[in-house]
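Input: a single structure, listed below in structure tokens.
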Amino acid sequence: MKIRVLLRNSGTGEYFVGPDEWDGNVLCAQQFSTVQTAVRWARLQLLSGLEVVLTEDDPRHELVLPVPVMDAPFQGEPLELPLRSA
Numbered sequence: 002m003k004i005r006v007l008l009r010n011s012g013t014g015e016y017f018v019g020p021d022e023w024d025g026n027v028l029c030a031q032q033f034s035t036v037q038t039a040v041r042w043a044r045l046q047l048l049s050g051l052e053v054v055l056t057e058d059d060p061r062h063e064l065v066l067p068v069p070v071m072d073a074p075f076q077g078e079p080l081e082l083p084l085r086s087a
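In this text, residue positions in the sequence shown follow our numbering: the first is 2, and each later residue adds one.
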């Protein structure tokens with residue numbers, strides 16, 4: 002069983018696929034290596050209204066974590082988008 006770490010727009014239900022690209026299909030979603038990486042990516046891109054979704058092959062089993070809203074832009078080292086893995 003492989004856990005997938007994804008970003009989802011909490012308003013639209015669409016998953017992050019890539020810069021300026023979202024899709025409702027969970028199979029198209031960009032996978033992140035860790036929850037921290039997903040949150041950091043969202044903050045560096047100044048994205049809001051997101052949640053991190055931890056899921057496996059069965060979408061009935063998912064854990065949803067809201068990405069906290071920030072008062073100021075995140076200050077940190079540049080972060081490259083992780084490559085999608087199968």
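Note that beta-carbon positions come from the ideal geometry of N, C-alpha and C, so glycine has one too.
- Query: In its own chain, which residues sit with a C-beta less than 6 Å from the C-beta of residue 5, not counting the 5 before and 5 after it?
  - Reply: 32, 56
- Message: According to DSSP, simplified to helix, strand and coil, what is residue 12?
- Response: coil
- Message: Would the region 18-25 count as touching the region 47-66 if we require 3 or more Cβ pairs under 8 Å?
- Response: no
- Query: Is residue 56 helix, strand or coil when you go by DSSP?
  - Reply: strand
- From 16, 15, 62, residue whose alpha carbon lies closest to that of residue 3: 62
- Should residue 65 and residue 43 be called a contact, given that it needs their Cβ atoms to be closer than 9 Å? no
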